[in-house]
Amino acid sequence: MNPLQARQLVIDIPGRTSGQPLDFTVEPGQVWGVLGPNGVGKTTLLHTLAGLRAPRNGAVQLGERSLTDWKRRRISQQLGVVFQDRQDGFPATVLETALIGRHPWLSPWQMETVEDQRMALEALQALDVAHLQNRLVNTLSGGERQRVAIATVLAQAPDTWLLDEPTNHLDLHHQVSVLGLLKAQAAQGCSVFMCLHDLNLAARWCDHILLLFPDGDACWGPSQQMLVPAALERLYGQKLMTAEIDGAPVFVPAGSSDPQSS
Amino acid sequence: MHGYSFLRPLIVLVLAAALSMVISVSIGSSAVALNETLSVLFGGGTELQQTLILDLRLPRTFTAFATGGLLAVAGALMQVLLRNPLADPYVLGLSGGAAVGALLAMMAGVAGVVVSGSAFAGALLSTFLVFGLAHGTGSWTPSRLLLTGVVVAAGWGALIALILAMSPARQLPGMLYWLMGDISPAANPLPGLILLALVCLLVFPLGRSLNVLARGSMQASALGVSVRPLEWVIYILASLLTATAVTMAGSVGFVGLVVPHMLRLVLGNDQRLILPACALAGGTLLVLADTLARIVIAPEQLPVGVITALLGVPTFLYLLHRSR
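Those protein sequence lines, which keep their order, are chains A and B.
Okay, so the first sequence: first residue is 1 according to my numbering, each after it adds one.
Okay, so the second sequence: first residue is 263 according to my numbering, each after it adds one.
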């Protein structure tokens, strides 16, 4: 596989100073979590890494070649994106939605094969939404839609997963099963790169963390080195209390009456 | 599995189209019984019946079919392009441009081919105007395109009123008929039919990309679709189809809106099925509307656009009312 790499990458957010360039490689088997406060550019970074937005500086590479040198179709065979917002202007069933994940793998003249149908259905089963396969997507709950979106990328079978808040709208059980599924994908040699809001999910499931600070600063590395209370308090401007459960740190925001650190 | 499920609805629509055409050619100022009509179509019947049906009525029926099919396919394409089920070539100002072109030609006192050519030019001019203005500095969004189209259409509307006010009274009836949509008996249906068939073939390789594009341009890019080139292809194709339809039948509204919407309710939203189905159902609808237009106040004829608008306006309002 061709690992996704940021090379001296500066994302383009109009009216914002450039800040620190990002330079990292998402190796096979790794699960990355991006943490940062609202509006810091997590989604923009994800779209830039997917080649959907041009960076201000630097480059995104897939293997040895820059994303701009790859054909869009070849990128989509290697890179799957789960978006935060979805457009369902037209009615489509759950199965049809999962089937569009097979689009990168089919030539213009090909119909979806029985094999594609099987992969789509298996993806729906893995996300626990197969029983909804004939329902229209716009009639589903937020959490069900989220799982259908993840199933679409599972059917796409990319090497690298880019996910924007994959646990949005999910109940506790499905948060764990979705993150478990992503971890299993990584164990099979894929790589996962996701924006998260929940510190504790990141601490539990990510082996690498990228912190995006509001002042444009950024740092990244293995989770244990990144998830230290001082850095996280600076990240969110919020005092935290830390406990350790089962060998992993757990962060709880301190009450609002507590004096702010920073 | 998919291929088979496409076949049945298309066969039903082909049969419906054939039936509507037979009905259309047998009804008129001198009615021909259905069985006699069929025998004429298969080479029998009297000489008078043959002339009546094959030379006079059949070309008109084909013109109506081609016009309806082209407009419905153009509408369906525009709706995918703008990710908005309310889009339609008429809403986007294409027909307004065509109308201004046609009326200017009529005001200059010319007729026939020049009017058609001028309408075609007007439709294409409107296309480039709307796309160019909506494109602007680069941020091209469906809502901006739709708004630009609506405003340009309003501009064309003002020009149409101006032309009507300045034209000599004796030219007004012809102009009004053109504006209301009138299938001219003299039009040659062949280019329209060929274009319709070509588009239905082209839809097959493009269809799945269109399905993905309907999910939004970001999602489509992420799934490997070259969004911008595809959007240009759709827009140019839809404009060409509309312009061709407009030159055959004047300004017939709402077919592009009503037909795709009805079909989506029944058949879902796979463009590989919806677009050929639109060609067939749109053609059928206009053939029936034209038949109705010929008999409602016989021996006078109504412009067919009146019938389609009477069907289309309530549908449009219903859609608006229902949309969140």
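All residues carry an ideal CB built from backbone N, CA and C; glycine is no exception.
Everything numeric in this text was worked out from a predicted model, so none of it was measured.
Around the beta carbon of F390 of chain B, fewer than 16 other beta carbons sit within 10 angstroms, so the residue counts as exposed. For the stretch 473-500 of chain B, the set of positions with a beta-carbon nearer than 8 angstroms to some beta-carbon of chain A reads N473, V474, A476, R477, G478, M480, Q481, S483, A484, L485, G486, V487 and S488 in chain order.
In the DSSP assignment, M368 of chain B falls within the unbroken alpha helix (DSSP H) covering L356 to M369. Ranked by how close their Cα comes to the Cα of P491 of chain B, the residues A:L240, A:A120, A:R72 and A:L106 have A:R72 in first place. Nearest Cα to A92 of chain A within the set A:R135, A:L172, A:I11 and A:F251: A:R135.
Counting along the chain, no alpha helix (DSSP H) covers E244 of chain A; the unbroken beta strand (DSSP E) around it starts and ends at L240 to I245.
The Cβ of V520 of chain B sits no closer than 9 angstroms to any Cβ of chain A. Taking every protein chain shown into account, the CB of S483 of chain B has 16 or more other CB atoms within 10 angstroms, so this residue is buried. In this structure, Q77 of chain A sits near W105 of chain A, with a CB-CB distance shorter than 9 angstroms. For H103 of chain A, the C-beta contacts it makes with chain B under 7 angstroms involve R470, V474, L485 and G486, in order along the chain. Any Cβ of chain B closer than 9 angstroms to the Cβ of V34 of chain A would place that residue at the interface, and such an atom is absent. Around the CB of S107 of chain A, fewer than 16 other CB atoms lie within 10 Å, so the residue is classed as exposed. Counting the other CB atoms within 10 Å of its CB gives R477 of chain B a total of 16 or more, which places it among the buried residues. With its beta carbon less than 9 angstroms from one in chain A, P467 of chain B belongs to the interface. V414 of chain B and V392 of chain B have their C-alpha atoms roughly 7 angstroms apart. With its beta carbon at least 9 angstroms from every one in chain B, V176 of chain A lies outside the interface. Scanning chain B for C-beta atoms nearer than 8 angstroms to the C-beta of Q61 of chain A yields nothing, as the closest lies near 18 angstroms away.
Inclusion of T43 of chain A and Q84 of chain A in the CB contact set at 9 angstroms is warranted, their separation being smaller than that value. In this structure, S429 of chain B places its C-beta atom within 9 angstroms of the C-beta atom of M368 of chain B. Sixteen is the threshold: when 16 or more other Cβ atoms of the shown chains lie within 10 Å of the Cβ of Q61 of chain A, as they do, the residue is buried. In the DSSP assignment, Q20 of chain A falls outside any alpha helix (DSSP H) and carries neither an H nor an E. For R147 of chain A, the nearest beta carbon of chain B is not closer than 9 angstroms to its own beta carbon. Taking A248 of chain A as reference, the option from A:L240, A:A254, A:L227 and A:A231 with the minimal CA-CA separation is A:L227.
At a cut-off of 9 angstroms between beta carbons, P249 of chain A makes no contact with chain B. Between V342 of chain B and V412 of chain B, the C-beta spacing is not below 9 angstroms. Contact check for V474 of chain B against P538 of chain B fails: the beta carbons are separated by 9 angstroms or more. The C-beta of S141 of chain A has fewer than 16 other C-beta atoms within 10 Å across all chains shown, which makes the residue exposed. Its chain contains G363 as the residues whose beta carbon lies nearer than 7 angstroms to that of A383 of chain B, once the 5 sequence neighbours on both sides are disregarded; these appear in chain order. For D164 of chain A, the enclosing beta strand (DSSP E) starts and ends at T160 to D164. DSSP, reduced to helix, strand and coil, places M1 of chain A outside both helices and strands of the structure shown, so it counts as coil. For N297 of chain B, the nearest beta carbon of chain A is not closer than 9 angstroms to its own beta carbon.
The Cβ atoms of G63 of chain A and N2 of chain A lie closer than 9 angstroms to each other.
Per DSSP, the continuous alpha helix (DSSP H) segment holding G469 of chain B begins and ends at L452 to L475. Here V514 of chain B is actually not in contact with V549 of chain B; their C-beta atoms are around 12 angstroms apart, not less than 8 angstroms. The way I'd put it, the stretch 449-463 of chain B does touch the stretch 322-332 of chain B; three or more beta-carbon pairs between them come closer than 8 angstroms. L365 of chain B is not a Cβ neighbour of M283 of chain B, given a cutoff of 9 angstroms.
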